[in-house]
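Notes to accompany the following structure.
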Amino acid sequence: MTTPASISATGGPHRDRAHHDPAHRDSARRDTTAPGPVLAAQSVHRFFRAGGQETLALQGVSLRLEPGELVVVVGPSGSGKSTLIACLAGLDEPDGGSVHVAGHQLTHRSEPERARLRARHIGVLLQSANLIEHLTVSQNVALVQHLGGDAPRADPAGLLAALGMSPRAGAYPAELSGGETARAGLAVALANDPPVLLADEPTGELDSTTEAQVLELLARITARGVAVLVASHSPAVAAAADRRITLADGRVSS
Ligand SMILES: Nc1ncnc2c1ncn2[C@@H]1O[C@H](COP(=O)(O)OP(=O)(O)OP(=O)(O)O)[C@@H](O)[C@H]1O
Ligand SMILES: [Mg+2]
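Residue numbers (the working numbering): 39 to 292.
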């Protein structure tokens with residue numbers, strides 16, 4: 039189980055868990071520490087038709103995400119960043135191409151199957167945040183852990199402490215500042231100790247000091263072996279990333 043220390047520790051809880059807990063039966067999780075991408079997208083296409091107009095939101099996007107790397111997706115508004123994150127998370131089903139996470143095919147599956155794989159393998163932080171308004175921060179974390187079933191879980195109190203959210207654990211989302219909302223969203227995204235974290239504009243609403251704190255957190259999460267992909271317009275996020283993927287009109291341009 040994840041402890042507060044594991045967020046700041048190097049080496050990674052996935053490896054530690056496999057090492058210290060030989061009885062751990064989740065072979066799919068151990069796959070994530072094997073060499074190779076933990077997330078792979080192959081020629082993903084997504085079209086939207088609205089009001090007689092067709093938008094080619096994604097036109098054959100391929101990418102690979104390795105454990106322990108922080109990758110930023112940049113590109114102008116409308117270039118397809120959020121659509122890509124939704125397809126990588128299994129929140130949306132692409133019209134063509136495939137997505138694999140931790141060795142499992144995520145595309146061409148039913149919505150409940152995608153939800154199960156997501157709960158187990160992917161933390162998601164969306165542009166509109168991922169908190170349920172009538173639940174407190176700690177209740178939001180508990181709900182996601184419940185939905186994760188037998189997924190490996192972070193220790194909720196430790197997770198909130200590591201994110202500096204212990205004093206706000208009993209607060210409702212409407213009572214949080216922008217930075218606290220981002221950190222609570224991260225707590226929810228990390229509640230099931232996922233090998234992949236996808237975040238859409240996680241620092242979009244934050245001042246530069248709070249943004250720096252969130253980036254520091256993302257760096258620590260990456261350092262313990264989680265593959266992190268962030269869509270962002272922020273130069274600070276781009277500067278903090280190991281690698282940059284640029285989208286233009288639904289295609290990877292560099
Ligand atoms: N549900 C939808 N129906 C119709 N068109 C859509 C839908 N979702 C996205 N689009 C269109 O697909 C394109 C890509 O949108 P997307 O939200 O992925 O862009 P983005 O790069 O995230 O932009 P931003 O930087 O403004 O967040 C845009 O032209 C958008 O209008
Ligand atoms: Mg977007």
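Quick reminder that beta carbons are idealized off the backbone N, C-alpha and C, glycines included.
Item, Value
"M203 to E92 span [Cα, whole Å]", "43 Å"
"The stretch 115 to 131 contacting the stretch 233 to 245, beta-carbon criterion three pairs below 8 Å", "yes"
"Spatial distance of P6 from D287 (CA atoms)", "The structure shown does not extend to residue 6, since the chain is modelled only from 39 to 292, so the question has no answer here."
"P205, buried or exposed, once every other Cβ within 10 Å from all chains shown has been counted against 16", "exposed"
"A167 - DSSP class collapsed to helix/strand/coil", "coil"
"For P273 and S246, the rounded distance between their alpha carbons", "11 Å"
"Status (buried if at least 16 other CB within 10 Å, exposed otherwise) for Q143", "exposed"
"CB contact flag (N230, P194, <8 Å)", "no"
"Whole-angstrom C-beta distance between A227 and L163, which should lie under 8 Å", "5 Å"
"Beta-carbon gap between L103 and V76 smaller than 8 Å", "yes"
"Ligand 2 heavy atom lying under 7 Å from the CB of S120", "yes"
"Residue from A220, S81 and V290 whose Cα sits closest to the Cα of L135", "Note that residue 135 corresponds to Gly in the displayed sequence, not to Leu. Of the listed residues, the one whose Cα sits closest to G135 is S81."
"Integer Cβ distance of P211 from L181, believed to fall under 8 Å", "No, P211 and L181 are not in contact; Cβ-Cβ is about 13 Å, not under 8 Å."
"Same chain, Cβ closer than 7 Å to R152, neighbours up to 5 away in sequence not counted", "G128 and L144"
"Which of helix, strand or coil DSSP assigns to A209", "coil"
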